[in-house]
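Comments concern the structure below.
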Amino acid sequence: MDSLSWYPVNYSFPGEEQSFLEDRHHDKWFITARSLYRYSTATGSFSMILPGKGDRMMPGIRKVNCITADSSRTIWIGTEGAGLVRWDDVAGRPEAVNLCQAGCNSGEYRNVTSLLFDKGGILWAFGPGTFTRLDPENHGTLNYKFLYRNQTVYENPGSPVEVNQSFRFSDGSIWFFSRMAGLIFRFDQGSGKLSLYRTPNFVVFQCIADRNESLWFACVRNNVFRMVIKPVPYFTISPVNNTADVAQTHKGSIIEDRQGRTWFLFNRGISVADGFEVTSSVRFNPVTLPGGETTVSGGFTDSKGYLWFASKKGRILRYDPSSDSQADFTPPGFPHDIREARVPMIREDGPGTIWMATSHHGLCRLVPGSSRFEQVLDFSHRSVTREMNQVLDFTIGSQGDLWILTSDQILSVRVPELRVTDHLGSGDASLKALGANIRVREDKNGNIWILNLLSGLNRFNRADGSFSRVSIGGSITPTAYYDLLTDTRGKFWIAHNRGISVYDPADSGVRTISTPRLQYDVQGYQLSNHDIIYINDNQLYVFREEIPENRISPPVRLTRLLVSDKNQVLRTLPGNPDAYERISLPFRRNTLGIEFAALNFLSPEENRYRFFMKGVDRDTVEAKQGTVAEYRASIRVITHSGLTDLIMTGSGILTALRSASASFAPGTGPSQRMFFHFFRRYGHCCVCKVQNGQPEKGKSKAGSSGVGPYSRARIEEQAACRN
């Protein structure tokens, strides 16, 4: 069929994936800007199906939006004005399908812009601000209506969301996409929860879901974005209402209350998320405390459900979320500036006593039955650098010991006698560095650990009261450590300048997750649902406690073919992206280069490759950084005294390729290149003439019998396999 022999009057063709269909009769259905056409293979003619003419007219239809077919090849059509339409193949006419339940506004479901069948054969029909679940067997429907009130300056206020594409994923979730505003929605059928995600840039030309269930967005600006849904080591939420800081003293920026809310004490204000769930939408609600405070630090939740804060004005506040009431527990003479107070740290011991460690007031204890803190220990006089001294961390162990890190002290306080021991000199030189001991934690076995900014993990030996450094191993060697968290399984989460390492002290196993921007004021917190959140600068990093592994084998594709250092067009076989058409090369074009890549984009710089040349390599050859492999091509010329006389007719034979035991160097990108030199001889070959025991170079011409007697000789050429 000549594609230019017919052209519809309404000539605009949409670029949607549901704009074309081939039915069971091999007829072609396609949508233009307004209408639906069919090309009949039987008659070789075109006809406009919708809007129809005469008695076939669907009342109120203004436009055809989409077309799809179910597993039985029944055709379903989405229209503007007539809603959902089913094509009756026997009668050869369309019939309207009622999407509206009793009592709903049928006019809201008269515009169907996208259609989707899930694995169970259920049809999902989407429209502006609505979607419907239809069971084709019993015609039962469930109608959903959603409001979108967060329009950007590029959208009309109050404009509904027009759905352009829809997808279904293996977990049963339904996703649908709006191109103009770059909005992607996720609907969880089990909970009925609808979540909204925005693409980094508005106006998306196309959205594609790959086989790993990642979504790709081709935007008007800044090219292509990818939304990775599974499996990923962590999610990021950015930006949040926080600012960068380089002080290690800031802790307690994430806490939870008994109402299931998560409190984020950002540098620019308090925000609360109701039911923090990263696979769904997260909404941060700004909060003002009863006294008018909008910015606090050092949050802590005690066993009675009270929240403790340090305000920027130097006040110690206890807040009751259940009654929205607040009490002031500021000690007399407390600094009026939190920068002088250096963020007081509040903790609770096993019996329920509240303790507070501060840089200027030392260790304080809440008097039982009162609203007053009393000072029980002044450890500032012990400091060599008293003017610069500040509390860096404070924790209470399961044995009742209080552990306090200051700029130049490692203090353990024995309760109730308040006996103080300084362990600063009990470890290596890094523990003595000013301000280097930044975190103190206890593991599930009751062991005390210190994270040192320079040396990393240090474990306390209760037998002799000393600290010893513990190497966590792994391929990444940090130069600075920032945070230590122990999870409910007993594993350590260590944040450093190369990322986050999860260390299991039981078997010394370690897994490091690279993060792009982790620096300085890093804080980790484990939620009651076992998720782990890190805050750093204006980003949140959210992990599952059991970090998922990417077990999907990436496909490997040829990305480039070079013949004699010139690009050769790669043509795949129809319907098979892994098979290519055979190419024939003249003997003068004897250098072949193959470039290939693995389609894995989580950390492409860490891709490693192995290759195997059948008939050449005994085992796979691994590509490692900084090494180069050379392949030696051997051309063996055999005279008439050998096993064949074919050589003497003037034809050369490439009999073998031998491989050195080496590997080639990968580059910094995701693809590699291999070069092979191959040799063929036509018309003549090189031989060696042996006469009276002395070799003499000669040449055999085509058709001659040669000059003899001859012996075997080998001419070797080197071919480098280079990056």
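Sequential numbering of the sequence shown, starting at 8, is according to the numbering used here.
Yeah, the Cβ is synthetic: ideal placement off N, Cα and C, and Gly gets one too.
Residue of the options minimising C-alpha distance to residue i
| i | options | result |
| --- | --- | --- |
| Q213 | V239, E300 and S185 | S185 |
| A225 | K237, R218, V210 and V239 | V210 |
| S113 | F124, T137, D95 and N607 | T137 |
| W410 | E355, T484 and G463 | E355 |
| Q196 | N396, N163, G127 and P238 | G127 |
| T39 | V71, R615 and S47 | V71 |
| N219 | Y204, V231, V235 and N229 | V235 |
| P238 | D585, P611 and I554 | I554 |
| F192 | D178, S198 and F174 | F174 |
| D435 | V477, K451 and D450 | V477 |
| G481 | S515, N465, E284 and G340 | S515 |
| L441 | D450, L461, N452 and S433 | L461 |
| P328 | D309, R564, G340 and F341 | D309 |
| S535 | L122, N583, Q266 and F618 | Q266 |
| H32 | Q25, S79, I68 and G582 | S79 |
| Y116 | F124, F153, P143 and P611 | F153 |
| E585 | L599, R564, G600 and T269 | Looking at the sequence provided, one finds Asp at residue 585 rather than Glu. Considering only alpha carbons, the answer is R564. |
Residues near residue i by beta carbon distance below 8 Å, same chain, minus five either side
| i | result |
| --- | --- |
| R275 | N248, N249, T250 and T302 |
| F467 | H430, N454, I455, W456, I457, S473 and F474 |
| I82 | L28, D30, W36, I74, T75, A76, R93, W94 and D96 |
| E552 | D494, T495, R496, Q533, H537, D538 and I539 |
| E24 | Q172 |
Contacting residues, own chain, Cβ-Cβ under 7 Å from residue i (five flanking each side not counted)
| i | result |
| --- | --- |
| A317 | V303, S304, G305, I323, I345, A348, V350 and P351 |
| T484 | none |
| G357 | G407 |
DSSP-derived helix/strand/coil call for residue i
| i | result |
| --- | --- |
| L460 | coil |
| E24 | helix |
| E220 | coil |
| K498 | coil |
| K311 | coil |
| R155 | In the sequence under discussion, the amino acid at residue 155 is Tyr, which differs from the Arg named in the question. Three-state result, Y155: coil. |
| Y116 | helix |
| L43 | strand |
| S433 | helix |
| K70 | strand |
| L203 | strand |
| P584 | strand |
| L438 | helix |
| P611 | helix |
| L232 | The sequence shown places Phe at residue 232, not Leu. The answer is strand: DSSP assigns F232 an E or B state. |
| S198 | coil |
| G480 | coil |
Own chain, CB closer than 6 Å to residue i, minus 5 neighbours either side, in chain order
| i | result |
| --- | --- |
| D511 | K498 |
| D544 | A251 |
| L606 | P561 and P562 |
| S54 | R45 |
| T337 | R322 and I323 |
| L650 | Summary for L650: the model assigns pLDDT 34, below 50, so the residue's position carries little reliability, and this model does not support an answer. |
| G506 | T519, I520, S521 and T522 |
| L492 | W500 and G531 |
| W294 | Before going further, note that residue 294 is Val rather than Trp in the sequence given. Excluding sequence neighbours, V294 sits near I277 and V279. |
| L43 | I56, L57 and V71 |
| E102 | R93 and D95 |
Distance CB(residue i)-CB(residue j) smaller than 7 Å
| i | j | result |
| --- | --- | --- |
| A132 | L106 | yes |
| V529 | Y489 | yes |
| I181 | F194 | yes |
| G134 | T120 | yes |
| T566 | A604 | yes |
| G746 | V422 | There is simply no residue 746 to check, as the chain begins at 8 and stops at 730 in what is shown. |
| T50 | D34 | no |
| V509 | I479 | no |
| Q533 | I542 | no |
| F232 | T206 | yes |
| N504 | A487 | yes |
| L296 | Q333 | yes |
Quiz item: Quick check: the segment 375-383 against the segment 403-410, are there 3 or more CB pairs under 8 Å?
Solution: no
Quiz prompt | Sufficient close CB pairs (3 or more, under 8 Å) joining the segment 553-571 to the segment 521-528 | solution = no
Quiz item: Counting pairs of beta carbons, one from the segment 160-176 and one from the segment 186-197, are three or more of them closer than 8 Å?
Solution: yes
Quiz item: Three or more C-beta pairs closer than 8 Å, one from the segment 228-246 and one from the segment 255-270: is that the case here?
Solution: no
Quiz item: Is the segment 86-100 touching the segment 147-154, taking contact as three or more C-beta pairs under 8 Å?
Solution: no
Exercise. Specify whether the segment 424-435 and the segment 445-454 touch according to this definition: at least 3 beta carbon pairs, one from each stretch, less than 8 Å apart.
Key: no
Quiz prompt | Given 8 Å, three or more beta-carbon pairs between the segment 563-572 and the segment 584-602 | solution = yes
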